[in-house]
Amino acid sequence: MDEVSPRTRLLVLSKGAQRVSTLPALLSDHELVHGGARAVNGADCLLAWGRKPSAFKAMSLATDAELPVLTVEDGFLRSVGLGADEPPLSLVVDDLGIYFDAGQPSRLEVLINQPLDQEQTARAVALQQLWQGERVSKYNAARILSPELPDDCVLVADQTLGDASLQGAGPLAFAEMLEAALAEYPQSTVLLKVHPDVLAGHKQGHFDLARLSGRPRIRLLAEDIHPADLLPRLRAVYVMTSQLGFDALMWNVPVHTWGMPFYAGWGLTRDRLPAPFRRRPVSLPQLVHACLVRYSRYIDPQTGERCEVETLLRWLGLQRRHRSVLPERVQVLGFSRWKEPLAAHFFNGSEIAFVPPQEAADPALPVVAWGCKHDDEVSAHPHPVHRVEDGFLRSVGLGAGKARPLSWVIDDMGIYYDATRPSRLEHLLANHEFDEALLARAQALREAICHLGVTKYNLSGERWRRPDGKRPVILVTGQVEADASIRYGANRIRSNLALLKAVRERNPQAWVLYKPHPEVLAGTRARGDDEAQVAHWCDEVLERASFGQLLEQVDEVHVLTSQSGFEALMRNVPVTTYGQPFYAGWGLTRDLDLTEDVRHRRQRRLSLDELVAATLLLYPTYVSRITNRFTTAEQALHELQNWHSLPEQGRESKWQEAIRRLSSFLGMALLRN
């Protein structure tokens, strides 16, 4: 058996670097040692972070001890939020220098100079397209916007004062760059983009913004606008050493450099300074492949393990899209206290203020409400109302038991169970053009759900044995009769007993099973007034049987408005509806009590996977229990299947709850001012 080479002991001197939670995973090929100067004797190499003071200390100690240095820095695809707020999800590791120091060789320069084979070139080209498609950059908290810009504009990028990559360039050099942009594009508006850290108040920039605000051709971009929302609309970009120039190359925008950033000197940019002799003309795919594939390391936030760049790139793109769904500022009505911290995760990207039950909603702010509970209060609200409910892949455990949900649906038209008016889900089902890729994804998800036996609540249960004989077996699923889905989705039949009577009258020879709603069985919701009589109208009442296992043995499922009908459809079990659930009326179910209005709105004929695609992929919002960030339906399914073994972000303490509620109160006051 081959011996496994021991990992090198990498000494981390910097207290700040020692606190970077993602560092062990990003440097998993090393054994990280935390310590001071005395720990040098037990180390194989030392870590230097960029060109910070702690890095120079590490380099000095390494020289004295005759040990190598590994210099690390945030990667080019770093995180959602800023460096002051979140640990890096990517890192560059350099054994020669560091990419932003053009005064000496770096490992990145060596990698850029290497030719690519056909497969590597194709990957680099695809990466550039994916970068554009996912609309990402180094930082990705900014909401997706369509800023109002002049038709003809160029951009000048500021940087933070003291940025190590500037190598001495100060306010005078930045002023010269700005004047050059004005002179070289005399008919264009010059946009001055301020660094996000300056906007956030963490650092200073190089321009006197108050003085420049009076210049007629200069427009200050003080908003936090993401590069992907700017670059496609620009004629050119001027940078000192900012990564914005790299972003511009990824968007095929001409770049003028006034410093010597890592992407300059390769024949891809117009450079004011002469390139180091080490740099020669290369192709853009060579630059992209070296920077994003070979030089950088990445971790998957959902596994905590190393991953390829494409995985992180898609995850960051997903965060940007979902962070932009709701308005920037919202007021929230009707959320129980235990749901309030969940709102911070599902509405990540929006400023949230919770409105106490005794207060009226502010007419100046958009509203988010739980279900239809507050329809009377918001019926005349001037802004669109977003209604929220639990999603269809929810949790292990009941909502009434406060099992944390993996999905919510956020609907700006109605809500899926309300058949009295259109909902966003109904709109998707009636109008969305389902492409082959989406349908293939829906089919794979449906098959995985069925194979794993996943249902909405995923409760364990006893196995049920089908009776001998040829009688067809019909499963009737009970509901909470006070639930909004009956109030807004039923028509003539509105109770579990009435449903059972209708099923028995239409199917006198069938073996009829009745399964009460799990929350009624748990005692967290009340049963119907006459539900005690159900045993007289069915052959068996199943309280402990596994719902997923039942679907494998019954011939039909009959429902009022229950989601169990959708779960039966996914398993190709015939479904008869006696109400108007969201999946009825599309040609997949036998529907006995649809109103004319619902029939008129639901005329389109759908395939099963089109129904699944809209219901599970397009309509819900998923949030991972591992990261508290947006995720996919596939990851939610994985977390459901491994509910008790995967790590979960901790619940908030009483102190954290008090701080959150105070912040919400203060935030409401600020939003109203």
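Residue numbers for the sequence shown follow my numbering, so the first one is 3 and each next one is one higher.
By construction, the Cβ of each residue, glycine as well, lies at the ideal position given by its N, Cα and C atoms.
These numbers were taken from a predicted model, which means no experiment stands behind them.
Quiz item: In chain order, which alpha helix (DSSP H) runs of at least 4 residues are fully inside the segment 479 to 503?
Solution: Counting whole runs of 4 or more residues, the segment 479 to 503 contains the alpha helix (DSSP H) stretches 486 to 491.
Self-check item: Reduced DSSP secondary structure (H/G/I, E/B, other) of Ala192
Solution: For this step, residue 192 is matched to residue 190 along the sequence shown. Before going further, note that residue 192 is Val rather than Ala in the sequence given. Strand, per DSSP.
Exercise. Give, in chain order, every unbroken run of the beta strand (DSSP E) that is at least 3 residues long and sits entirely within the segment 56 to 143.
Key: Entirely contained in the segment 56 to 143, the beta strand (DSSP E) runs reaching 3 residues are, in chain order, 71 to 76 and 92 to 96.
Quiz prompt | For Gln481 and Ala382, the rounded distance between their alpha carbons | solution = Numbered from its first residue, the sequence shown carries residue 382 at position 380. Numbered from its first residue, the sequence shown carries residue 481 at position 479. Counting only the Cα atoms, Gln481 lies some 31 Å from Ala382.
Exercise. Leaving out five residues on either side along the sequence, give the residues of the same chain with a beta carbon under 6 Å from the beta carbon of Asp4.
Key: The sequence position of residue 4 within the sequence shown is 2, counting from 1. Below a pLDDT of 50, predicted positions are generally treated as unreliable, and Asp4, at 44, falls in that range; the measurement from the model is reported next regardless. Scanning its chain for C-beta atoms nearer than 6 Å, with the 5 sequence neighbours on each side dropped, one finds no residue around Asp4.
Self-check item: Paired residues, beta bridge with Arg607 - DSSP
Solution: Taking the first residue of the sequence shown as 1, we reach residue 607 at position 605. BP columns for Arg607 are empty, so no partner.
Quiz prompt | Inter-residue Cα distance where the pair is Arg674 and Arg217 | solution = Residue 674 sits at position 672 when you count from the first residue of the sequence shown. Residue 217 sits at position 215 when you count from the first residue of the sequence shown. Because Arg674 carries a pLDDT of 41, less than 50, the predicted location of this residue cannot be relied on, and no value is offered for it.
Self-check item: 8 Å CB neighbourhood of Gly652 in its chain, flanking five on each side removed
Solution: Position 650 of the sequence shown, counted from the first residue, corresponds to residue 652. Caution is warranted here: a pLDDT of 48 is assigned to Gly652, below 50, making its placement in the model unreliable, and no coordinate value can be reported.
Quiz prompt | Limits of the beta strand (DSSP E) - the one that Pro622 falls within | solution = Counting from 1 along the sequence shown, the entry for residue 622 is found at position 620. Judged by DSSP secondary structure, Pro622 falls within the beta strand (DSSP E) whose first and last residues are Pro622 to Val625.
Quiz item: How many Å lie between Arg686 and Cys293 at the Cα?
Solution: The first residue shown for the chain is 3 and the last is 675, placing residue 686 beyond what the model contains.
Quiz item: Thinking just about the alpha-carbon of each residue, which of Ile451, Leu314 and Trp410 is nearest to the one in Leu129?
Solution: Counting from 1 along the sequence shown, the entry for residue 129 is found at position 127. Nearest option by C-alpha distance: Leu314.
Quiz prompt | Contacting residues, own chain, Cβ-Cβ under 6 Å from His388 (five flanking each side not counted) | solution = Here residue 388 corresponds to residue number 386 of the sequence shown, with the count starting at 1. Within the same chain, His388 has close Cβ partners Val370, Ile412 and Asp414.
Exercise. Taking only the alpha-carbon atoms, compute the straight-line gap between Pro576 and Gly491 and give it to the nearest angstrom.
Key: The residue you call residue 576 lines up with position 574 of the sequence shown. The residue you call residue 491 lines up with position 489 of the sequence shown. One C-alpha to the other measures close to 20 Å.
Quiz prompt | DSSP state of Ala366 mapped onto helix, strand, coil | solution = Residue 366 sits at position 364 when you count from the first residue of the sequence shown. Coil at Ala366, not helix or strand.
Exercise. Spell out a yes or no on whether the segment 67 to 87 and the segment 193 to 209 are touching, meaning 3 or more CB-CB pairs, one atom from each, closer than 8 Å.
Key: Result yes; three or more Cβ-Cβ pairs closer than 8 Å.
Exercise. Report yes if the C-beta distance between Pro263 and Ala238 is below 8 Å; otherwise report no.
Key: Walking along the sequence shown from the start, residue 263 turns up at place 261. Walking along the sequence shown from the start, residue 238 turns up at place 236. Their beta carbons are not under 8 Å apart, which means Pro263 does not touch Ala238 by this criterion.
Quiz item: Arg21 by DSSP, collapsed to three states: which one?
Solution: Mapped onto the sequence shown, residue 21 falls at position 19. Looking at Arg21 - three-state DSSP - the assignment turns out to be coil, as it is neither helix nor strand.
Quiz item: Starting from Glu342 and walking both ways along the alpha helix (DSSP H), at which residues does that stretch end?
Solution: Along the sequence shown, one-based indexing puts residue 342 at 340. Where Glu342 is concerned, the enclosing alpha helix (DSSP H) stretches over Glu342 to Phe348.
Quiz item: Are the CB atoms of Leu499 and Glu545 nearer to each other than 8 Å?
Solution: As a working note, residue 499 is residue 497 in the sequence shown. As a working note, residue 545 is residue 543 in the sequence shown. Result no, Cβ atoms of Leu499 and Glu545 do not sit closer than 8 Å.
Quiz item: Is Trp588 helix, strand or coil by DSSP?
Solution: Reading the sequence shown from its first residue, position 586 is the one you call residue 588. Look at Trp588 here: in three-state DSSP terms it is coil, with no helix or strand label.
Self-check item: With 16 other Cβ atoms within 10 Å as the buried cut-off, status of Glu641
Solution: The residue labelled residue 641 in the question sits at position 639 within the sequence shown. Buried.
Self-check item: Contact between the segment 284 to 299 and the segment 61 to 73 (3+ Cβ pairs under 8 Å)
Solution: The segment 284 to 299 vs the segment 61 to 73: no contact.
Quiz prompt | Anticipated Cβ contact below 8 Å, Met242 with Trp260, distance rounded | solution = Along the sequence shown, read from residue 1 onward, the residue named residue 242 stands at position 240. Along the sequence shown, read from residue 1 onward, the residue named residue 260 stands at position 258. That belief holds up - the Cβ atoms of Met242 and Trp260 are roughly 5 Å apart, short of 8 Å.
Quiz item: Would you say the segment 273 to 288 touches the segment 147 to 166, given that touching needs at least three Cβ pairs under 8 Å?
Solution: No, they do not touch.
Exercise. State the Cα-Cα distance for the pair Leu12 and His429, rounded to the nearest angstrom.
Key: Translated into the one-based positions of the sequence shown, residue 12 becomes position 10. Translated into the one-based positions of the sequence shown, residue 429 becomes position 427. Our two residues, Leu12 and His429, have alpha carbons roughly 56 Å apart in a direct line.
Practice problem: Give the single residue among Ala230, Leu194, Glu225 and Asp226 whose Cα lies nearest to the Cα of Arg213. | Solution: The sequence position of residue 213 within the sequence shown is 211, counting from 1. Per the Cα distances, Leu194.
Practice problem: Determine the extent of the alpha helix (DSSP H) in which Trp539 is found, giving its start and end residues. | Solution: Position 537 of the sequence shown holds residue 539. For Trp539, no alpha helix (DSSP H) segment is defined, and its DSSP state is neither H nor E.
Self-check item: Alpha carbon of Phe349 to alpha carbon of Gln333, nearest angstrom
Solution: Here residue 349 refers to the residue found at position 347 of the sequence shown. Here residue 333 refers to the residue found at position 331 of the sequence shown. Cα to Cα, Phe349 sits roughly 11 Å from Gln333.
Quiz item: Just to confirm, are Phe394 and Gln161 a CB contact at a threshold of 8 Å?
Solution: Working through the sequence shown from its first residue, we reach residue 394 at position 392. Working through the sequence shown from its first residue, we reach residue 161 at position 159. The answer is no: Cβ separation not under 8 Å.
Self-check item: Candidates Ala486, Thr623 and Pro107, of which the one nearest Gly581 by Cα
Solution: Residue numbering aside, residue 581 sits at position 579 when the sequence shown is read from its first letter. Out of Ala486, Thr623 and Pro107, Ala486 has the C-alpha closest to the C-alpha of Gly581.
Practice problem: With distances taken Cα to Cα, identify the nearest neighbour of Ser397 among Ala57, Thr65 and Val456. | Solution: Sequence index remark: in the sequence shown, residue 397 carries index 395 (1-based). The alpha carbon of Ser397 has as its nearest neighbour, out of Ala57, Thr65 and Val456, the alpha carbon of Val456.
Exercise. Pair every Cβ in the segment 439 to 447 with every Cβ in the segment 611 to 621, then say whether three or more of these pairs are closer than 8 Å.
Key: Short answer: they touch.
Practice problem: Determine the direct distance from the alpha carbon of Arg53 to that of Leu672, and round the result to whole angstroms. | Solution: Within the sequence shown, numbered from 1, the residue matching residue 672 stands at position 670. Within the sequence shown, numbered from 1, the residue matching residue 53 stands at position 51. Any reading at Leu672 needs caution, since the residue's pLDDT is 44, under 50, leaving its predicted position unreliable; the model's value is listed next. C-alpha separation (whole angstroms): 40 Å.
Practice problem: Run the CB neighbour count on Thr422, radius 10 Å, all protein chains shown included, and call it buried at 16 or more, exposed below. | Solution: One-based indexing of the sequence shown puts residue 422 at position 420. Counting Cβ neighbours within 10 Å, Thr422 comes out exposed, since fewer than 16 surround it.
Self-check item: Buried versus exposed call for His538 [16 or more other C-beta atoms within 10 Å across all chains shown]
Solution: Within the sequence shown, the letter at position 536 stands for residue 538. It counts as exposed.
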